[in-house]
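Working notes for the structure below.
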Amino acid sequence: MFNAHFLILTCNRRKSLSTSAHAALRFRTLAIFTRFDCLTVNFALILPFMSEPQSALLLRKQLAELNKNPVEGFSAGLIDDNDIYRWEVLIIGPPDTLYEGGFFKAHLYFPKEYPLRPPKMKFITEIWHPNIDKNGDVCISILHEPGDDKWGYEKASERWLPVHTVETILISVISMLADPNDESPANVDAAMLGVLKNGGKTIRISKGKWHGVLEKVKKNVCRDNVEIFRQDEGKISGVDGG
1 MFNAHFLILT CNRRKSLSTS AHAALRFRTL AIFTRFDCLT VNFALILPFM
51 SEPQSALLLR KQLAELNKNP VEGFSAGLID DNDIYRWEVL IIGPPDTLYE
101 GGFFKAHLYF PKEYPLRPPK MKFITEIWHP NIDKNGDVCI SILHEPGDDK
151 WGYEKASERW LPVHTVETIL ISVISMLADP NDESPANVDA AMLGVLKNGG
201 KTIRISKGKW HGVLEKVKKN VCRDNVEIFR QDEGKISGVD GG
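Each residue of the sequence shown is one higher than the one before, starting from 1 at the first, in UniProt numbering.
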């Protein structure tokens with residue numbers, strides 16, 4: 001019979017074990033810890049055997065790429081260095097719009113199923129925009145669950161696709177700031193005020209610039225995301241549209 005002392009000594013020698021031995025020891029360790037009710041105390045011994053989810057690896061790669069090659073219009077980092085699924089971004093107000101000269105902080109919350117499912121985005125800095133509700137939640141097509149829109153307002157191609165990255169998301173949001181969708185507002189008051197102040201037209205001066213940048217980024221999208229999409233393509237049909 002194994003005891004806790006022997007178990008700890010065995011775990012401390014894990015570097016000399018083969019991969020198959022790692023797997024066997026992990027199973028045995030979990031069973032013994034459960035039996036002796038000391039899982040919480042010794043959990044650190046098990047962590048090195050656990051592989052990081054594919055979603056976390058993708059997000060770490062994107063974060064490293066954005067740090068290495070910053071993109072015009074925004075900066076991005078983590079809210080907590082120990083949580084790759086919660087990002088903090090700073091968006092610079094697009095030129096020639098109502099938001100020019102402003103700096104707008106927002107948070108991105110990624111699900112463990114990323115990139116099969118989209119993140120949620122919320123502005124922390126107060127912002128007045130037809131497609132951002134009064135709580136700061138962003139309403140934009142590419143952040144809606146993949147698949148057909150049950151209400152028929154959006155095409156499936158306009159909604160979330162696993163090829164989207166943090167970069168394409170934020171460039172789309174910058175484009176949205178310059179080119180509001182007043183036909184489907186999340187903030188009706190902002191939509192009505194925008195129409196009144198601009199003689200029936202919303203600010204669209206920078207539309208061409210940011211849409212052009214977005215199309216360029218889409219052509220150079222992360223290959224890892226594309227590969228995961230191909231592998232898990234069948235799973236998407238089971239996700240309800242939002």
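We put the beta carbon where it would ideally sit given N, CA and C, even for glycine. As the structure is a computational prediction, the values presented were derived from the model and not from experiment.
#### Entry: Exposure of residue 126, with buried meaning 16 or more beta-carbon neighbours within 10 Å
exposed
### Query
What residues are listed by DSSP as bridge partners for residue 265?
A question about residue 265 goes unanswered here, because the residues of the chain that appear run from 1 up to 242.
### Message
So within the region 49-112, which uninterrupted beta strand (DSSP E) runs reach at least 3 residues, ignoring any that extend past its ends?
### Response
74-80, 83-92, 103-109
### Query
In terms of residue numbering, what span does the beta strand (DSSP E) encompassing residue 134 cover?
That residue, residue 134, is in no beta strand (DSSP E); it is neither H nor E in DSSP.
### Message
Comparing C-alpha positions only, which one of 162, 70, 130 sits nearest to residue 180?
### Response
130
### Query
Looking only at C-alpha atoms, which of 175, 141, 122, 165 sits nearest to residue 133?
122
### Message
In whole angstroms, give me the CA-to-CA distance for residue 120 and residue 139.
### Response
9 Å
### Task
Please check the pair residue 79 and residue 56, which I expect to be a contact at CB under 8 Å, by giving their CB distance rounded to whole angstroms.
Rounded, the Cβ-Cβ distance is 15 Å, inconsistent with contact.
### Query
Exposed or buried, what is residue 245 when buried is set at 16 or more other beta-carbons lying within 10 Å of its beta-carbon?
Only positions 1 to 242 of the chain appear in this structure, which leaves residue 245 out of reach.
### Task
Give me the Cα-Cα distance between residue 159 and residue 99, rounded to the nearest whole angstrom.
25 Å
### Cα-Cα separation, residue 251 to residue 128
The first residue shown for the chain is 1 and the last is 242, placing residue 251 beyond what the model contains.
### Task
Pick out whichever of 154, 92, 77 has its Cα sitting closest to the Cα of residue 171.
92
### Query
Hey, would you say residue 173 sits closer than 9 Å to residue 87, going by beta carbons?
no
### Query
In chain order, what residues of the same chain lie with their CB nearer than 7 Å to the CB of residue 141, ignoring the 5 residues before and after it?
154, 158, 159
### Query
I think residue 178 touches residue 94, with their Cβ atoms under 8 Å apart; what is that distance to the nearest whole Å?
4 Å
### Message
Quick check on this structure: which residue in 68, 69, 163, 90 has the alpha carbon closest to the alpha carbon of residue 75?
### Response
90
### Message
For residue 244 and residue 146, I'd like the C-alpha separation in whole angstroms.
### Response
Here the chain covers residues 1 to 242 and nothing more, so residue 244 does not appear.
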